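There are 2 protein chains.
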Amino acid sequence: MNAYLSSTPIPRVQLMTNNLVKRILNGDVRALASLMSLIEDGDPKTKAVLKAVYPHTGRAHVIGVTGAAGAGKSSLVERMAADFRRQKKTVGILAVDPTSRFSTGALLGDRIRMRDHFADPGVFIRSFATRGAGGGVSAAVRKAIHLLDAAEKDVIFVETIGVGQDQLEIAALAHTVVVVLTPQMGDEVQFLKAGLAEIAHILVVNKADLLGADDTLRQLKAFFGEEDLPVVSTSATQSEGITLLMALIEKHRRESLDNGSYPNKRIHLCRQELLSLLREKVFARLAKKIADRSFETEVKRVAEGQTDPYSAADRLARRIDI
Amino acid sequence: MNAYLSSTPIPRVQLMTNNLVKRILNGDVRALASLMSLIEDGDPKTKAVLKAVYPHTGRAHVIGVTGAAGAGKSSLVERMAADFRRQKKTVGILAVDPTSRFSTGALLGDRIRMRDHFADPGVFIRSFATRGAGGGVSAAVRKAIHLLDAAEKDVIFVETIGVGQDQLEIAALAHTVVVVLTPQMGDEVQFLKAGLAEIAHILVVNKADLLGADDTLRQLKAFFGEEDLPVVSTSATQSEGITLLMALIEKHRRESLDNGSYPNKRIHLCRQELLSLLREKVFARLAKKIADRSFETEVKRVAEGQTDPYSAADRLARRIDI
Numbered sequence: 208m209n210a211y212l213s214s215t216p217i218p219r220v221q222l223m224t225n226n227l228v229k230r231i232l233n234g235d236v237r238a239l240a241s242l243m244s245l246i247e248d249g250d251p252k253t254k255a256v257l258k259a260v261y262p263h264t265g266r267a268h269v270i271g272v273t274g275a276a277g278a279g280k281s282s283l284v285e286r287m288a289a290d291f292r293r294q295k296k297t298v299g300i301l302a303v304d305p306t307s308r309f310s311t312g313a314l315l316g317d318r319i320r321m322r323d324h325f326a327d328p329g330v331f332i333r334s335f336a337t338r339g340a341g342g343g344v345s346a347a348v349r350k351a352i353h354l355l356d357a358a359e360k361d362v363i364f365v366e367t368i369g370v371g372q373d374q375l376e377i378a379a380l381a382h383t384v385v386v387v388l389t390p391q392m393g394d395e396v397q398f399l400k401a402g403l404a405e406i407a408h409i410l411v412v413n414k415a416d417l418l419g420a421d422d423t424l425r426q427l428k429a430f431f432g433e434e435d436l437p438v439v440s441t442s443a444t445q446s447e448g449i450t451l452l453m454a455l456i457e458k459h460r461r462e463s464l465d466n467g468s469y470p471n472k473r474i475h476l477c478r479q480e481l482l483s484l485l486r487e488k489v490f491a492r493l494a495k496k497i498a499d500r501s502f503e504t505e506v507k508r509v510a511e512g513q514t515d516p517y518s519a520a521d522r523l524a525r526r527i528d529i
Numbered sequence: 208m209n210a211y212l213s214s215t216p217i218p219r220v221q222l223m224t225n226n227l228v229k230r231i232l233n234g235d236v237r238a239l240a241s242l243m244s245l246i247e248d249g250d251p252k253t254k255a256v257l258k259a260v261y262p263h264t265g266r267a268h269v270i271g272v273t274g275a276a277g278a279g280k281s282s283l284v285e286r287m288a289a290d291f292r293r294q295k296k297t298v299g300i301l302a303v304d305p306t307s308r309f310s311t312g313a314l315l316g317d318r319i320r321m322r323d324h325f326a327d328p329g330v331f332i333r334s335f336a337t338r339g340a341g342g343g344v345s346a347a348v349r350k351a352i353h354l355l356d357a358a359e360k361d362v363i364f365v366e367t368i369g370v371g372q373d374q375l376e377i378a379a380l381a382h383t384v385v386v387v388l389t390p391q392m393g394d395e396v397q398f399l400k401a402g403l404a405e406i407a408h409i410l411v412v413n414k415a416d417l418l419g420a421d422d423t424l425r426q427l428k429a430f431f432g433e434e435d436l437p438v439v440s441t442s443a444t445q446s447e448g449i450t451l452l453m454a455l456i457e458k459h460r461r462e463s464l465d466n467g468s469y470p471n472k473r474i475h476l477c478r479q480e481l482l483s484l485l486r487e488k489v490f491a492r493l494a495k496k497i498a499d500r501s502f503e504t505e506v507k508r509v510a511e512g513q514t515d516p517y518s519a520a521d522r523l524a525r526r527i528d529i
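The structure is reproduced here in structure tokens:
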């Protein structure tokens with residue numbers, strides 16, 4: 208119904224939401240940035256906008272790039288982004304900082320290295336903190352991905368420092384996962400191999416000009432075999448590696464579409480997303496319940512040695528109905 | 208009551224538990240190892256033993272050592288362990304692998320580098336996977352710590368690869384947290400600084416013989432100030448760094464005891480532990496609830512674009528009473 212003919216005026220909040228939704232769908236950079244800040248803060252106001260833009264998502268190719276600090280992920284992502292731009296594809300980059308739960312976000316700012324792309328409206332770059340997100344890194348990052356997807360970015364990079372849980376969470380929200388290693392990791396690569404196979408679609412040995420790079424590459428290739436998990440070496444000084452990496456990413460995307468695993472992948476990603484939203488709710492419920500004094504009473508009793516934590520948790524679970 | 212006089216015989220399970228508890232308290236290596244395997248598997252049989260040994264815990268000094276892959280944590284921990292042994296202190300080392308949720312544990316094995324200590328019964332070393340632990344890395348690792356504590360280890364190292372969530376979780380279970388950096392991390396150290404201050408009690412710049420080490424050290428010292436967060440540089444070839452690091456750890460332990468923050472720390476750690484146990488329970492409950500078909504129905508509806516994930520999560524939360 209036309210708003211002007213309606214007997215009840217459209218509420219101000221609704222108008223603001225409609226306006227924001229329109230701006231997101233048009234790829235308005237300031238609207239994207241301000242909504243992302245609200246998502247970082249866990250602001251419930253974002254929900255209406257996210258619901259409204261959701262039907263416009265599902266087109267973007269989400270590429271997760273993870274690895275240890277110093278592996279050179281940022282430069283790699285930049286070079287890939289430049290390549291996609293040459294193909295006239297629009298790019299979103301989320302640099303996720305999983306440690307920044309405590310920080311005020313000030314240090315995140317926008318990293319100097321990102322200036323190169325700033326002049327290009329086809330690239331949206333954002334450092335993304337996840338403070339306040341009870342469901343882990345992933346719930347908030349997924350929301351940011353949907354925004355960029357609705358804003359018609361063709362490719363969305365999710366770059367995060369870290370192995371372990373953070374890496375698992377990135378794997379659960381990306382179509383293609385690139386894990387970046389360096390020769391410097393040495394023996395610890397052995398330690399990580401088993402986990403990598405389950406997470407990565409493509410392995411990169413970056414800093415290929417460093418001593419030991421060939422060994423690392425050979426070992427990984429021998430361990431995984433070209434078929435199971437492609438391994439490519441890259442370096443800041445050479446571009447062959449990047450070209451091969453881009454080809455592997457495109458191959459993975461196409462194969463996913465061709466062999467029918469894409470619908471399954473979509474179901475898988477939706478399952479992970481619902482799960483992470485439910486976890487958020489469960490945590491919020493738990494946080495509310497333990498605001499109850501009985502929680503602190505049990506904490507004290509454990510600390511004073513009057514009981515063990517397992518019995519205390521059992522008692523609490525019964526009392527607060529978990 | 209004496210079991211032989213009792214009219215009802217002690218159940219077999221109870222006898223096995225009593226026997227295991229006795230062996231743990233005596234520091235029996237095989238009993239420790241087999242219980243840790245059960246903890247890794249999330250086996251509920253461990254609960255009775257953990258409850259029984261809990262009153263014998265609270266003596267050990269738990270030192271968390273985290274950092275990126277390749278930072279040299281393992282060698283550092285080994286050298287510190289050797290130092291503690293020279294002081295006649297017994298040592299437990301848990302090398303936590305947060306990515307191994309998927310692995311079968313086979314690759315973890317016991318790393319070659321650990322052989323050095325194997326002949327010494329005063330050191331217990333274990334690679335520790337955390338598959339099956341819904342509450343994250345920390346719930347299972349805490350149980351392993353309690354076992355080692357009850358087995359009268361004076362010092363327990365918890366070593367883990369990783370930044371981000373894994374690092375936060377280690378920080379929530381250790382008395383003293385050592386974060387290991389390397390000069391190779393370069394610019395990403397800037398990115399991490401804010402998070403580090405909240406997590407670390409001592410910063411180590413390892414591989415001090417590498418180019419850029421002095422710069423990294425100077426930058427960190429300038430950023431944090433000696434008072435707020437001590438920074439020490441170490442290298443595999445020199446032992447001064449280790450001596451200083453050991454002194455800083457002892458200083459932190461003693462200051463925590465002296466300034467009365469130790470009781471608070473204990474309450475804080477107990478709070479974190481109870482929270483992680485409750486999270487485990489909540490996740491288990493959630494997992495059971497979403498075994499319901501309504502969950503998969505909603506997943507499909509989201510995947511097919513009939514609804515958005517936020518509305519689906521709301522409906523599910525109402526239906527399964529979260």
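The listed protein sequences correspond, in order, to chains W and V. Position 202, counted from 1, in the first sequence is what my numbering calls 409; the numbers after and before it change by one each time, with no gaps. Position 204, counted from 1, in the second sequence is what my numbering calls 411; the numbers after and before it change by one each time, with no gaps. Every residue gets a Cβ at the ideal spot worked out from N, C-alpha and C, and that includes glycine. On a predicted model such as this, the values are computed, not experimentally measured, just so you know.
For the alpha helix (DSSP H) containing Ile246/W, name the first residue and the last one. Val236 to Glu247
Residues from the region 418-442 of chain V in contact with chain W, defined by Cβ distance under 8 angstroms: none
For Gly512/V, which residues in chain W fall below 8 angstroms Cβ to Cβ? Pro262 and Gly265
By the three-class DSSP mapping on this structure, what secondary structure does Ala454/V have? helix
Pick out whichever of Lys254/W, Asp327/W, Gly234/W and Val348/W has its Cα sitting closest to the Cα of Glu247/W. Val348/W
Alpha helix (DSSP H) runs contained entirely in the region 461-492 of chain W, provided each spans 4 or more residues: none
Here's a check: name, in chain order, each residue in its chain whose Cβ is nearer than 8 angstroms to the Cβ of Met243/W, leaving out the five neighbours to either side. Arg333, Phe335, Ala351 and Leu354
CB-CB under 7 angstroms to Lys414/V, same chain, minus the five flanking residues each way: which ones, in chain order? Gly279, Thr389, Pro390, Ala420 and Ser442
Contacts of Leu245/V in chain W (Cβ-Cβ under 7 angstroms): In chain order: nothing, as chain W lies at least about 14 angstroms away.
Got a sec: is the Cβ-Cβ distance from Leu301/V to anything in chain W below 8 angstroms? no
Can you pull the chain W neighbours of Glu480/V, defined as C-beta to C-beta under 8 angstroms? Val509 and Pro516
Hey, quick one: how far does the alpha helix (DSSP H) through Ile231/W stretch, first residue to last? Arg219 to Leu232
Residues within the region 246-257 of chain W neighbouring chain V, beta-carbon criterion of under 8 angstroms: Lys254 and Leu257
Applying the 10 Å Cβ sphere with the 16-neighbour rule, what's the burial state of Arg478/W? buried
Helix or strand or just coil, what does DSSP make of Arg333/V? strand
Pick from Ile527/W, Asp499/W, Arg473/W and Pro516/W that is closest to Lys507/V, judged by C-alpha positions: Arg473/W
Beta-carbon proximity list for Val362/V, same chain, < 7 angstroms, skipping 5 on both sides: Ala267, His268, Ile270, Phe291, Lys296 and Val298
Can you pull the chain W neighbours of Val506/V, defined as C-beta to C-beta under 8 angstroms? Ile474, Cys477, Arg478 and Leu481
Using the Cα positions of Thr311/W and Lys252/W, report the straight-line distance between them to the nearest angstrom. The predicted model places Thr311/W with a pLDDT of 35, which falls under 50 and marks its position as unreliable, so this point remains unresolved.
Nearest chain W C-beta to Leu485/V closer than 8 angstroms, yes or no? yes
Buried or exposed for Gly172/V, going by 16 or more other Cβ atoms inside 10 Å? Outside the displayed range of chain V (208 to 529) lies residue 172/V, so it cannot be described from this structure.
Buried or exposed: which applies to Glu457/W, given that a residue is buried once 16 or more other Cβ atoms fall within 10 Å of its Cβ? exposed
Pick out whichever of Val220/W, Arg425/W, Val330/W and Gln294/W has its Cα sitting closest to the Cα of Thr450/W. Gln294/W
Where Met287/W falls, given that 16 or more other Cβ within 10 Å makes a residue buried: buried
Should Leu451/W be flagged as near chain V, meaning a C-beta pair shorter than 8 angstroms? no
Taking the straight line between their C-alpha atoms, what separation do you get for Val438/V and Gly512/V? 53 angstroms
Can you list, in chain order, the residues of its chain whose CB lies under 8 angstroms from that of Val228/W, leaving out five sequence neighbours each side? Val256, Ala259 and Val260
Quick one, which residues of the region 491-502 of chain V are near chain W if we go by CB-CB under 8 angstroms, in chain order? Arg492, Leu493, Ile497 and Phe502
Do Ala358/V and Ile527/V have their C-beta atoms within less than 8 angstroms of each other? no
Helix or strand or just coil, what does DSSP make of Arg525/W? helix
Please determine, among His382/W, Leu482/W and His475/W, the residue with the shortest C-alpha to C-alpha distance to Lys495/V. Leu482/W
Of all the options Asp422/W, Leu436/W, Gln426/W and Phe431/W, which has the alpha carbon lying nearest to the alpha carbon of Val385/W? Leu436/W
Thinking C-alpha only, which one of Leu283/W, Pro218/W and Asn225/W is nearest Thr444/W? Leu283/W
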